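> Before we start, here is the structure in question, set down as structure tokens.
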Amino acid sequence: MKYLVVHDNQEHWLRIRYVLAFIKKHPLAGGGFSYHFEGDGMLAKRIGYISNPHETTDYDFIIPAQQHIFSSNSVDVSALCANLYNYENQQLYSVEATPKSDAAFFDGRHFGFDIIEAIFFHISRFEEHFCQTSQLDEHGRMKSNEQFLVKHCLEKTPVVDHLVYCFLVAIGANPVAAPTRFRMSFDIDIMRCFSGRPPIRMTAKYLVSKPSSLPKLWFSYIRTLFAPQNDPYFNFEWLLRKSDKLEQVIYFLVGGSTKFDRPTAKLNNEFKQIVSLAKAMGLRIGLHPSYDCMADDELFHKEKSGLEEILGEKINESRQHFLHFSWKTTPQILEKQGVMEDSSIGFSDRIGFRCGTGFPYQPYSFEREEPWGFMEVPMICMDVALMREAGNNQQRMIEIWDDFLATNKSLTMITFLFHNSRFFDAELEGMDLKYCYEQIFKIKP
Ligand SMILES: [Zn+2]
Numbered sequence: 001m002k003y004l005v006v007h008d009n010q011e012h013w014l015r016i017r018y019v020l021a022f023i024k025k026h027p028l029a030g031g032g033f034s035y036h037f038e039g040d041g042m043l044a045k046r047i048g049y050i051s052n053p054h055e056t057t058d059y060d061f062i063i064p065a066q067q068h069i070f071s072s073n074s075v076d077v078s079a080l081c082a083n084l085y086n087y088e089n090q091q092l093y094s095v096e097a098t099p100k101s102d103a104a105f106f107d108g109r110h111f112g113f114d115i116i117e118a119i120f121f122h123i124s125r126f127e128e129h130f131c132q133t134s135q136l137d138e139h140g141r142m143k144s145n146e147q148f149l150v151k152h153c154l155e156k157t158p159v160v161d162h163l164v165y166c167f168l169v170a171i172g173a174n175p176v177a178a179p180t181r182f183r184m185s186f187d188i189d190i191m192r193c194f195s196g197r198p199p200i201r202m203t204a205k206y207l208v209s210k211p212s213s214l215p216k217l218w219f220s221y222i223r224t225l226f227a228p229q230n231d232p233y234f235n236f237e238w239l240l241r242k243s244d245k246l247e248q249v250i251y252f253l254v255g256g257s258t259k260f261d262r263p264t265a266k267l268n269n270e271f272k273q274i275v276s277l278a279k280a281m282g283l284r285i286g287l288h289p290s291y292d293c294m295a296d297d298e299l300f301h302k303e304k305s306g307l308e309e310i311l312g313e314k315i316n317e318s319r320q321h322f323l324h325f326s327w328k329t330t331p332q333i334l335e336k337q338g339v340m341e342d343s344s345i346g347f348s349d350r351i352g353f354r355c356g357t358g359f360p361y362q363p364y365s366f367e368r369e370e371p372w373g374f375m376e377v378p379m380i381c382m383d384v385a386l387m388r389e390a391g392n393n394q395q396r397m398i399e400i401w402d403d404f405l406a407t408n409k410s411l412t413m414i415t416f417l418f419h420n421s422r423f424f425d426a427e428l429e430g431m432d433l434k435y436c437y438e439q440i441f442k443i444k445p
């Protein structure tokens, strides 16, 4: 179905166009939504995106333009409300300047709030671009508990995907009520737990936090001394598997010299062996740029070309180690280095939808007022983030996990991130991360 969109905000029309293009390309739209801004609209339905929605009868549908986020005034993000709207069986949430209750999402012609601004707010990561230094964590990332969706307890809901779906239903564009798509990914920060030396650092760590795990740690160390294949991090034969249901990517850390990078990652025969195994299992290979690559173009280039040389092929995908990504510096680097797909935008201390969507999309450059040239594949569920959210409590972890999967069976995409190293780390904490991992392969499409 064709739509003619008429708006009255020339100043921010590039942002309006960005959101409409996002909706058009959204996988749930299934190609059923196309729009234009000019023309007589003879064969099209007319959507008015206007600031005085009650003064006109010229449109088939009317979206009230809030002109709060799309305005030249600065926005106090901490004062924004997530008002609840119901539509059929779906709960939808706005991003509004004033609180409201019991409002309808759609009355047959009028939408209850400005869905274009709401979608823009989430997918452009507006609040992260314009956040205060005090809202950043020690790695320069916006703290999750300062973020809008987390503050409103909405990070477990793909609010943007739900909005797009219901908007398209309302205007008769026949979206697809598709089951959730899953994507598996791995970050390989370190290949082995024991590199021939006794695990002194780990012993010191667990002596403080969990002394009961020390026999397991040392038993595992001794087993590995006898047979290197027993190293608990070297679990690739078990970890990497074929799946016709899942798209899978494995990212390798191949450089870095900060205390957050593990310098043991060597591009040796063992590395090549894992690469061939991954390829045999149908995984794509990506780069896991080291900590400083967030703002260091040359280092990024060195790591990327080094990996490409070893593989004999181009690398198009990456995920920042430590999810160390800055909206001020990283997108330029990704674009310059020819990365087509990044998957760094997710939470490190909980699971959920940091961008409000689970589907890949082009992020927004506020400097250029246009989309960046690469796709962002939001990272939704990271093993260690799940453990942190559960406070290293096994029962709590299973509750969070089961609940999340049960409430998101349709209308989004979930990218999982597992580390080969975290299963043993979890075991030492008394947690069964393997349970969560195995469950993904049992999910019925
Ligand atoms: Zn990493």
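The numbering used here numbers the first residue of the sequence shown as 1 and each following residue consecutively. Glycine is no exception: its CB is placed at the ideal position from the N, C-alpha and C atoms. If you're wondering where the values come from, they're calculated on a predicted model, not measured in any experiment.
#1: With respect to the beta strand (DSSP E) encompassing Q91, which residues constitute its N-terminal and C-terminal limits?
#2: From which residue to which residue does the alpha helix (DSSP H) around S276 run?
#3: What residues come near ligand 1, if near means a beta carbon less than 5 angstroms from any of its heavy atoms?
#4: List the whole-angstrom C-beta distance separating V384 from R422, where the pair is believed to meet the contact cut-off of C-beta under 8 angstroms.
#5: Start and end of the beta strand (DSSP E) containing K336?
#6: Name the DSSP beta bridge partners of R284, please?
#7: Does the segment 402-422 touch the segment 168-181, meaning 3 or more C-beta pairs lie closer than 8 angstroms?
#8: Along the alpha helix (DSSP H) that carries G255, what are the first and last residues, could you check?
#9: If F70 and S94 are in contact, beta carbons under 8 angstroms, what's the gap, nearest whole angstrom?
#10: Spell out a yes or no on whether the segment 351-360 and the segment 322-333 are touching, meaning 3 or more CB-CB pairs, one atom from each, closer than 8 angstroms.
#11: For P228, is the classification buried or exposed, using 16 other Cβ atoms within 10 angstroms of its Cβ as the cut-off for buried?
#12: Just curious, the beta strand (DSSP E) that I188 is in, first and last residue?
#13: Spell out the partners DSSP gives V5 in its beta bridges.
#14: With H36 as the anchor, note down where its alpha helix (DSSP H) starts and where it stops.
#15: Secondary structure at H129, three-state DSSP: helix, strand or coil?
#16: Given this structure, state the Cα-to-Cα distance separating K314 from E303, to the nearest angstrom.
#17: Note the first and the last residue of the continuous beta strand (DSSP E) segment covering I63.
#18: Indicate the three-state DSSP secondary structure (helix, strand or coil) for F404 in the structure shown.
#19: Do the segment 114-122 and the segment 134-147 meet, that is, are 3 or more Cβ pairs less than 8 angstroms apart?
#20: Given a threshold of 16 other Cβ atoms within 10 Å of its Cβ, counted over all protein chains shown, does T224 qualify as buried or as exposed?
The structure says:
#1: Within the sequence shown, numbered from 1, the residue matching residue 91 stands at position 91. From DSSP, the beta strand (DSSP E) with Q91 extends over Q90 to Y93.
#2: Position 276 of the sequence shown holds residue 276. Residues N269 to A280.
#3: D187, D189 and H321
#4: Within the sequence shown, the letter at position 384 stands for residue 384. Within the sequence shown, the letter at position 422 stands for residue 422. Going by Cβ atoms, the distance from V384 to R422 rounds to 6 angstroms, so yes, they are a contact pair.
#5: Within the sequence shown, numbered from 1, the residue matching residue 336 stands at position 336. Taken as a continuous stretch (DSSP letters only), K336 belongs to no beta strand (DSSP E), being part of the alpha helix (DSSP H) at T330 to K336.
#6: Taking the sequence shown and counting its residues from 1, the one referred to as residue 284 is at position 284. BP columns for R284 point to V249.
#7: yes
#8: For the purposes of this step, residue 255 is taken as the residue at position 255 of the sequence shown. Counting along the chain, G255 falls outside any alpha helix (DSSP H), and DSSP gives it neither H nor E.
#9: For the purposes of this step, residue 70 is taken as residue 70 along the sequence shown, with counting starting at 1. For the purposes of this step, residue 94 is taken as residue 94 along the sequence shown, with counting starting at 1. Their Cβ separation, rounded to whole angstroms, is 14 angstroms, which puts F70 and S94 out of contact at 8 angstroms.
#10: no
#11: In the sequence shown, residue 228 corresponds to position 228, counting from 1. Exposed.
#12: Here residue 188 refers to the residue found at position 188 when the sequence shown is read from its first residue. Element bounds for I188: R181 to I188.
#13: If you number the sequence shown from 1, residue 5 lands on position 5. Paired residues: I47.
#14: The count along the sequence shown starts at 1 and reaches residue 36 at position 36. Premise fails: H36 lies in the beta strand (DSSP E), S34 to H36, not in any alpha helix (DSSP H).
#15: Taking the first residue of the sequence shown as position 1, residue 129 is located at position 129. Correct three-state label for H129: helix.
#16: Here residue 314 corresponds to residue number 314 of the sequence shown, with the count starting at 1. Here residue 303 corresponds to residue number 303 of the sequence shown, with the count starting at 1. K314 and E303: Cα-Cα distance of roughly 12 angstroms.
#17: Locating residue 63 in the sequence shown gives position 63, counting from the first residue. Note, I63: beta strand (DSSP E), F61 to P64.
#18: Residue 404 sits at position 404 when you count from the first residue of the sequence shown. DSSP places F404 in helix when its eight states are reduced to three.
#19: The segment 134-147 and the segment 114-122 do not touch, with fewer than three beta-carbon pairs separated by less than 8 angstroms.
#20: Along the sequence shown, one-based indexing puts residue 224 at 224. It is buried - the Cβ of T224 has at least 16 other Cβ atoms within 10 Å.
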